[in-house]
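Structure record follows, encoded as structure tokens.
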Amino acid sequence: MPNSYTKPLIAGNWKMNGLNASVSEFRLMLSEANKLFNKVDLLICPPVTLLQSFAQLTKDTDFSVGGQDCHINNSGAHTGDISAEMLADIGAKYCIVGHSERRADHHETNSIVHAKASAVWKSGTVAIICVGETDEEYIKRETLKVVENQLLESVPLGATSFNTVIAYEPVWAIGTGKTPTTDDVKNVHAVIRKHMTERFGEEGTIIRILYGGSVKPSNAQEILGVANVDGALVGGASLKAFDFIAIAKAAS
Ligand code: PEP
0 MPNSYTKPLI AGNWKMNGLN ASVSEFRLML SEANKLFNKV DLLICPPVTL
50 LQSFAQLTKD TDFSVGGQDC HINNSGAHTG DISAEMLADI GAKYCIVGHS
100 ERRADHHETN SIVHAKASAV WKSGTVAIIC VGETDEEYIK RETLKVVENQ
150 LLESVPLGAT SFNTVIAYEP VWAIGTGKTP TTDDVKNVHA VIRKHMTERF
200 GEEGTIIRIL YGGSVKPSNA QEILGVANVD GALVGGASLK AFDFIAIAKA
250 AS
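When the count follows numbering that gives the first Met the number 0, it moves up by one through the sequence shown with no breaks and lands on 251 for the last residue.
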């Protein structure tokens, strides 16, 4: 259940999925989203190849689009990379940083995630900073220790409800169909809220904390009803307009 100051945010991460043909699915999503904006904020982070066309389509709407990752610098000799400034330039309002797939596939450390979050802030967009324990850490009951350390080292000083969203994503729940119990989600989100409040005061009490990991229409209402769950970061189910909209409706 989101805190009383902010609307929940339902964010979709399309990862490395989507070709030009997917624009029609996004159009469908947009047309279905119209009635929901007074209750929920909606965001899709498509692959960068589709970002500009999605940004054009959402231009006069409340639907946001964002990037999935960015470089720590604004520009320079970094072949193949994209900066937060470039993403903002074509209409991104948010950028995900520190997704577990980036941490694993590209060896991104907390300090790199910290630098990326700062780069996102500098571009004037919102950083969605991802944290979450691996399967092995979960089994060893290290979840809270791991998440607290990731927050401490990945979230820069100066985080506010305007520039930052936290996404708690247990790595073992991503794309597996497995989810933690609602008690587990409640406990981890309570610890994240405490951490954010201790470090960022009043702002820490309203920074949105999303849950991510196998959220789908059938479990969205239960997960979104948990204390301090201010929305969801959705992977697979965000690729289908009707699933994503059903999740958004569960939040509204
Ligand atoms: C994700 O990768 O951010 C994610 C939550 O994926 P899925 O919803 O497919 O588990």
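Backbone N, C-alpha and C define an ideal beta-carbon position, used for all residues, glycine too.
These numbers come from a predicted model, not from an experiment.
- When the Cα atoms are used, G131 and I89 turn out to be separated by approximately 30 Å.
- Comparing alpha carbon positions, the residue from A20, I81 and E31 closest to D61 is E31.
- The three-state secondary structure of I173, taken from DSSP, is coil.
- In the displayed model, V154 falls within coil according to three-state DSSP, outside both helix and strand.
- A check of alpha carbon separations from I206 across L150, E136 and S21 identifies L150 as the nearest.
- Exclusion of L223 from the 7 Å shell around the ligand PEP follows from its C-beta lying no nearer than that to any non-hydrogen atom of the ligand.
- The C-beta distance from I43 to S213 rounds to 18 Å, too long to fall under 8 Å, and the pair is not in contact.
- If you look at R207, you'll find it in the beta strand (DSSP E) that goes R207 to G211.
- Shown here, L143 sits in a helix according to DSSP, grouped into three states.
- In the DSSP assignment, G75 falls outside any beta strand (DSSP E), carrying neither H nor E.
- The beta strand (DSSP E) runs lying completely inside the region 217-247 and spanning 3 residues or more are 230-233, given in chain order.
- When DSSP reads this structure, L8 sits in a beta bridge with D40 and G230.
- Here DSSP, grouped into helix, strand and coil, assigns V214 to coil.
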